[in-house]
Amino acid sequence: MKASHAFLTRPRDESTALAARIEPLGLEAVIQPAFRFVPVDAGAEQPEDTKALAGAGSRDLLLFTSPRAVEYGLPQVSRDALSRLRIAAIGPATARALARSGVRTSLQAASGYTSEDLLQTLGQELKQDSGGSAFILAAPRGRIALAEGLEKMGLAVRTLMVYRAEAEPLDREALSRLDSARDVLSVWTSANAMRALAQRLPPATWFRICQGEWLVISDRLARLARAYGPSDVHLATGPGNDALVSSIRNLT
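Numbering-wise (the working numbering), the sequence shown opens with residue 152 and increments by one.
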């Protein structure tokens, strides 16, 4: 890898932590988050779904789709409901976030950390005619494939929006540092972030980014990334900063 700069698009806190770990590898970090996230009161926005969750039973599933869903969603679920429901985590980072809050996960993707990975595991664990409900804690327009897959398994699905994304302002001073970059490694953990910045960044900046190499966290993101034409697309070993740092170290 010839990159002199790394373009980081995760939310600011995660990107700042990642920058501190990759700059010793010789990469100058340019941080431009696509979004920041704010909590949503599901009880106020979706009272019927929230009431159904409060009355859910032992046949029902509660699915946490990210550590962020744990952060914003868990405080909105009563301990009584948590004690009855089967708790599912989309991946190990989400399961760890639940464990730190004292919540035991009963179902988790056997491998990987995507909706498809979790659906594969649930398909093996659940009978097609099992009935019951599934409550997904997510952001607006999030985890549509997961909801559709659960419905095909015979579950009544309700998605509760517990947080939402807001566009981060462009940091033009930071972006200007890409002008002097020898090459740019861009790090992507979200399809929504990729699409949003493709539309919002100045055309010359986006062209510069597309000339470099990209690091993504899933096969689905890799397919989307290739449509933008970067010089190379690399697949990280996981979605968290530890995995991203390890993957970047292997590229340098």
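Every residue, glycine too, gets a C-beta built ideally from N, C-alpha and C.
CB contact flag (residue i, residue j, <9 Å)
i: L402; j: L386; result: no
i: R235; j: D200; result: no
i: S337; j: E319; result: no
i: D231; j: A203; result: no
i: V384; j: R359; result: no
i: A246; j: Q259; result: yes
i: T310; j: A298; result: yes
i: G300; j: L273; result: yes
i: A344; j: A185; result: yes
Chain-order list of residues whose beta-carbon lies under 7 Å from that of residue i (same chain, five-residue window excluded)
i: Q227; result: A193, G194 and V313
i: S397; result: T388
Bridge partners - residue i, DSSP secondary structure assignment
i: M312; result: A289
i: A180; result: A157
i: D370; result: In DSSP, D370 forms no bridge with anything.
i: W339; result: V367
i: Q259; result: A240
Any non-hydrogen atom of the ligand ATP closer than 8 Å to residue i Cβ
i: R255; result: This structure lacks the ligand ATP; in fact it carries no ligand of any kind.
Neighbourhood of residue i by C-beta, 8 Å cutoff - its chain only, sequence neighbours within 5 removed
i: F188; result: P162, R219, Y223, A290, Y314, R315, A316 and E317
i: S411; result: The requested residue 411 is not part of the displayed model; the chain covers only 152 to 403.
i: W357; result: L348 and A349
i: S141; result: Any answer about residue 141 is impossible in this case: the structure gives the chain only from 152 up to 403.
Outcome for residue i when other beta-carbon atoms lying within 10 angstroms are tallied against a minimum of 16
i: P354; result: exposed
i: P381; result: buried
i: G391; result: buried
i: G177; result: exposed
i: R92; result: Residue 92 lies beyond the stretch modelled for the chain, which goes from 152 to 403, so this question has no answer here.
i: R237; result: buried
i: S266; result: buried
8 Å contact criterion, which residue i and residue j should meet: CB distance rounded
i: A285; j: L233; result: Between L233 and A285 the Cβ distance is about 15 Å, and since that is not below 8 Å, they are no contact.
i: C197; j: D322; result: Note that residue 197 corresponds to Gln in the displayed sequence, not to Cys. In fact, because the Cβ distance is near 34 Å, the residues do not count as touching under 8 Å.
i: A180; j: A157; result: 5 Å
i: W339; j: A296; result: Not really, about 18 Å apart at Cβ, beyond 8 Å.
i: V254; j: L288; result: The Cβ separation is near 12 Å, so there is no contact.
Close Cβ partners of residue i (< 6 Å) along its chain, the five nearest in sequence each way excluded
i: T216; result: I241, A289 and R294
i: A394; result: A387 and T388
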